[in-house]
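>
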Amino acid sequence: MLGRQEDAEDAVQTAFLKLYRGIAQFQFGAKFSTYLFRIMMNVCFDALQKRRGNQPQSLGEIEIPQASSVELRLQLEEAIDALPERMRACFVLFAVEEMKQEQIAEILDLRIGTVKAQIFHAKARLRALLSEETLEVAG
Amino acid sequence: MNCGRYQEFELGDMHEDEFNAHLSTCALCQKLMAQDGKILSLAKNLPLPPAAPLLWAKIENALRAGQRRHRPIWLSQFQEQKQMLWRIAAVLLLAAGLGSYWLIKPPPSSPRLLEGAALEKVESKEREYVAAISELERTALPEMAKLDTDLMLLYRDRLETIEAQIARCKEALAENPSNAHIRRYLLAALQDKKETLRELLQLAG
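If you want it as structure tokens, here you go:
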């Protein structure tokens, strides 16, 4: 989600601190993993917001060369990093964390329809970034 | 080639059965679906970032630091100087206990020590008892022989016990004549002896 190991570690640390301080607000009827992911994602969004401006990234700036096998994964990671934050969050939770769309909606406080649209558009963008030839190699 | 059915299905606007029926006839939707399947498969198999062995230690440190930051100043100071404060508390507790004892306990002089007129009054009473006892002894003791042996022995033991009690009181009073407690015991013993002698006299008579 953040694309950098050190940023991810900082985010995990911040999320745990927030979890520790706000555990009293946790409603025990809710799913704990959802609560934790929600905190985690908010921390990620905050981190990305702070980072924004320092490292502008857009889809147009990402160059995806023809590649095979291992390199393809790196390209996919870069392509995922290039997705808009909310879209990336939906895609990562859906494709990488393999969460259900309903749970993603709960975590990100979005409507289910929005989550579906975000995932669909994320896939469309990734399709566009990773050319047909590249995807053929992956297949 | 343009077909929006795949998007409709993905956004939940088309039923799965309907889409599957369409899929068998639409090459574009098949292609898009296959590509998305590959993307999802690749994403699912993305390598996990390397484990960060010090991450949890960092989190623990941060949590502890956070606790220290959010702790009131007085509590932090208390934690730092806990040993010293416990000692001070113990000394204060001891001082408070002793202070309370001295405040609560009755003054040693007034009730226990008889002085002046009170002492004279008590001594006068004792003299009265002693005089009465002497008079009774003169008349009662010779009559004791008239009692049966068991009763006589019983009264003799009782009188000896009372006299030993009187003797101990007099010894103590020789050292501390103003001690009200001993005076009270002495008066009680004298009264007991007087009553015993009177009882004896009645039994013998």
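Protein chains in written order, with our numbering: chain A, 4 to 142; chain B, 303 to 507.
Even for Gly, the Cβ is constructed at its ideal location relative to N, Cα and C.
Note that the coordinates shown come from a computational prediction; the quantities given were computed from them, not determined experimentally.
Counting only the same chain and skipping the five closest in sequence on each side, list residues whose C-beta sits under 8 Å from that of Arg91 of chain A.
Met4, Ile83, Asp84 and Ala125
> Would DSSP call Pro444 of chain B helix, strand or coil?
helix
> Taking the C-alpha atoms as reference points, what is the distance between Glu64 of chain A and Gln30 of chain A?
Note on Glu64 of chain A: pLDDT 44, under 50, position unreliable in the model; the coordinate value appears next. Glu64 of chain A and Gln30 of chain A: Cα-Cα distance of roughly 43 Å.
> Provide the residue span of the alpha helix (DSSP H) that contains Lys346 of chain B, from first to last.
Ala329 to Lys346
> Look at the alpha carbon of Arg458 of chain B and the alpha carbon of Asp452 of chain B, and state the distance between them as a whole number of angstroms.
10 Å
> Between the beta-carbon of Thr37 of chain A and the beta-carbon of Gln106 of chain A, is there less than 7 Å?
Note that the C-beta distance between Thr37 of chain A and Gln106 of chain A is below 7 Å.
> Buried or exposed: where does Gln8 of chain A fall if 16 or more other Cβ atoms within 10 Å of its Cβ makes it buried?
Under a 10 Å Cβ-count criterion, Gln8 of chain A is classified as exposed, with fewer than 16 other Cβ atoms of the shown protein chains found around its own Cβ.
> If we cut at 7 Å on Cβ distances, does Leu79 of chain A have a partner in chain B?
Chain B contact via Cβ: present.
> State yes or no: is the C-beta of Leu342 of chain B within less than 7 Å of the C-beta of Ala18 of chain A?
no
> Please confirm whether Leu365 of chain B has its beta-carbon closer than 7 Å to some beta-carbon of chain A.
Output row for Leu365 of chain B: interface = yes.
> Between Ile115 of chain A and Asp315 of chain B, what straight-line distance do the alpha-carbon atoms span, to the nearest angstrom?
12 Å
> Which residues bound the alpha helix (DSSP H) around Val15 of chain A?
Taken as a continuous stretch (DSSP letters only), the alpha helix (DSSP H) holding Val15 of chain A covers Gln8 to Gly25.
> Indicate whether at least one CB of chain B lies closer than 7 Å to the CB of Phe123 of chain A.
Taking Cβ atoms only, chain B reaches closer than 7 Å to Phe123 of chain A, which makes this a yes.
> Below 7 Å on C-beta distance, what does Glu312 of chain B contact in chain A?
Lys119 and Phe123
> Just confirm the distance between the C-beta atoms of Leu313 of chain B and Lys119 of chain A, as a whole number of angstroms; I'd bet it's less than 8 Å.
5 Å
> Within 7 Å of any Cβ in chain B, is that where the Cβ of Tyr38 of chain A sits?
no
> Distance cutoff 7 Å, beta carbons only. Does Ala50 of chain A sit that close to anything in chain B?
no
> Is the CB-CB distance between Lys472 of chain B and Ile435 of chain B below 7 Å?
no
> Counting only C-beta atoms, is Lys103 of chain A closer than 7 Å to chain B at any point?
no
> With a 10 Å radius around its C-beta and 16 neighbouring C-beta atoms as the bar for buried, classify Leu356 of chain B as buried or exposed.
exposed
> What span of residues does the alpha helix (DSSP H) with Asn45 of chain A cover, start to end?
Phe35 to Arg54
> For chain B, find out if any of its Cβ atoms is closer than 7 Å to the Cβ of Leu3 of chain A; answer yes or no.
The question about residue 3 of chain A has no answer here: the residues shown for chain A are numbered 4 through 142.
> Can you tell which of B:Leu503, B:Ala329 and B:Cys331 has its C-alpha closest to the C-alpha of Pro444 of chain B?
B:Leu503
> For Met101 of chain A, report the span of its alpha helix (DSSP H) as first-last.
Residue 101 of chain A is actually Glu in this sequence, not Met. Unbroken run through Glu101 of chain A: none, as it is neither H nor E.
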